[in-house]
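According to my numbering, numbering within the sequence shown proceeds without interruption in unit steps and concludes at 409. Structure, as structure tokens:
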Amino acid sequence: MSNYPHLFAPLDLPGLSLANRITMAPLYLGYARANGLVNRRLKEHYQEAGASGAGMIMVESASVHPRGAGTPYTLRADHDEFIEGLAELASLIQAGGAKAGLQINHAGRFAHHGGVPLAPSEVPAGGLDPMPMSRRQIHEVAEFFQEAAWRVQKAGFDLVELHGGTGYLLSEFLSPHTNRREDQYGGSLENRLRFPLEVIAAVRHAVGPDYPIGYRFLADEWLPQGFQLEEAVIAAPRLAAAGLSYLSVMGGTYESFFLPERVAQEKEPGYMLSLAEAIKKAVDIPVIAAGRIQQPALAEKALAEGQTDLIGLARVLLADPQWPIKAREGREAEIVPCEPSCNLCFKRVGKGLPIFCSQWPKDKREHFATRD
Ligand SMILES: Cc1cc2nc3c(=O)[nH]c(=O)nc-3n(C[C@H](O)[C@H](O)[C@H](O)COP(=O)(O)O)c2cc1C
């Protein structure tokens with residue numbers, strides 16, 4: 038019997054049985070080839086993740102369109118040629134005993150490298166003025182999500198997750214800060230929900246009634262004029278009712294991550310648990326909480342107190358891919374922690390470099406510092 042009965046309790050969702058409550062939260066690595074193809078480093082990384090003892094591994098965001106990627110090294114799911122490599126990732130993860138998911142995304146106004154980025158409205162990001170999307174482009178992008186989700190299913194993943202976080206396109210439509218449209222896709226919360234709901238419906242159409250669809254949900258942009266928790270608790274049940282298996286809750290965008298108060302908050306253990314808790318109260322589907330859930334005891338407490346249904350580990354699992362096994366075996370003292378003041382992984386993303394963790398042994402750091 039583990040010291041953490043809630044953490045190691047299974048969870049049965051429609052179409053998805055998880056062995057425990059530990060999930061790998063998606064974490065962009067920058068390993069993919071510049072054309073978005075799966076390569077050796079990605080396979081090594083996700084094979085290790087699949088064998089970590091986590092119940093579910095969510096593979097980092099893959100673009101639904103060549104011009105919807107945040108960087109050139111983003112995985113892609115926008116063409117059938119990518120299915121083969123993605124299928125290898127899915128089976129490597131499943132071979133380790135975990136359920137495998139792939140997150141799909143359009144980076145919206147942060148899709149910098151493919152020309153003028155698309156967005157709901159012309160609110161600049163990173164010095165570029167994005168192009169407000171026409172009604173036709175809105176429908177096209179929903180179709181890109183639909184086709185990408187079909188490829189995820191075809192590749193053998195157990196589920197697909199829609200990236201509605203980090204200030205990317207889906208969240209840009211929900212946000213009164215980035216969505217200044219005056220048509221039926223902007224203005225009221227009802228109108229701002231229209232595009233995400235259309236995308237969920239399109240994806241559902243592609244994958245059939247029983248295939249699990251998860252949603253990364255930006256519950257608070259942490260910006261004065263942004264989408265905030267007050268609206269998020271109204272939006273969340275609307276999204277859930279469209280047929281989601283869970284909401285994976287997060288806060289912040291590239292416009293708020295670097296604000297001094299957020300940099301300080303981000304160092305605190307469980308800093309997004311309160312967001313997950315608020316969303317959990319508003320919906321009747323499971324939620325995932327992430328954000329420096331470093332100690333198994335903190336994860337256990339959050340589950341036992343009903344703040345969340347599942348735990349998401351991103352940097353925490355990157356630092357120690359044996360976290361779940363060590364927690365289960367009572368070897369928590371051996372867990373290698375993610376160092377709060379480090380954020381080397383995030384900094385390397387900003388520089389366009391493949392990431393590694395400062396806590397890894399030297400040979401592993403050197404191996405993953407170069408693309409193959
Ligand atoms: C380098 C890096 C890359 C990330 N990439 C993604 C991503 O592709 N999709 C996503 O939804 N979240 C992404 N995140 C957010 C994480 O999933 C997670 O919510 C956050 O890092 C907090 O969890 P942690 O403290 O365990 O890292 C990323 C975070 C980091 C630091």
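We put the beta carbon where it would ideally sit given N, CA and C, even for glycine.
- Ranked by Cα distance from P157, the options L196, G193, P213, A137 are led by P213.
- Taking the Cβ of C379 as the reference point, every heavy atom of ligand 1 lies at 7 Å or farther away.
- When H200, N142, L281, R188 are compared, the shortest CA-CA separation from G52 is found for L281.
- Residues P157, S158, E209, F210, G223, R229 of the same chain have their beta carbon placed closer than 7 Å to that of N216, with the five preceding and five following residues left out of the count.
- Taking all protein chains in view, the Cβ of E97 is crowded by 16 or more other Cβ atoms within 10 Å, so the residue is classified as buried.
- The shortest C-alpha to C-alpha distance from A185 to any of G263, A256, P161, E198 is the one to E198.
- Not a single heavy atom of ligand 1 lies less than 7 Å from the C-beta of S208.
- Under the 8 Å Cβ criterion, the region 267-283 counts as touching the region 226-243, having at least three qualifying pairs.
- By DSSP's assignment, G349 forms a beta bridge with T60.
- If the five residues before and after A71 are omitted, its C-beta is found closer than 7 Å to the C-beta atoms of P109, Y110, all from its own chain and listed in chain order.
- Spanning the alpha carbons of V160 and G263 requires a straight line of approximately 12 Å.
- For the pair P391 and Y68, the CB atoms are nearer than the 8 Å cut-off.
- Across the structure, K338 and P167 are spaced so that their CA atoms are roughly 43 Å apart.
- Sixteen is the threshold: when 16 or more other Cβ atoms of the shown chains lie within 10 Å of the Cβ of Q183, as they do, the residue is buried.
- Apart from the 5 residues on each side of it in sequence, F119 sits with its Cβ closer than 6 Å to the Cβ of R113 in its chain, given in chain order.
- DSSP lists no bridge partner for M170.
- If you draw a straight line from the Cα of A144 to the Cα of G202, it comes to about 10 Å.
- Note on geometry: alpha-carbon atoms of P361 and A315 lie some 26 Å from one another.
- Between the C-alpha atoms of I141 and S39 there is a straight-line separation of about 34 Å.
- Between F393 and R78 the beta-carbon gap is near 10 Å, outside 8 Å, which marks them as no contact.
- The beta-bridge partner set that DSSP reports for F254 consists of G201, V286.
- Nearest in C-alpha terms to S171, of all of I59, A179, L165, is A179.
- When DSSP states are grouped into helix, strand and coil, I322 belongs to the coil group.
- Q190 has its alpha-carbon roughly 13 Å from the corresponding atom of P246.
- About 5 Å separates the beta carbon of I325 from that of G349, a gap short enough to meet the 8 Å contact definition.
- DSSP places G122 in the helix class (H, G or I) of the three-state scheme.
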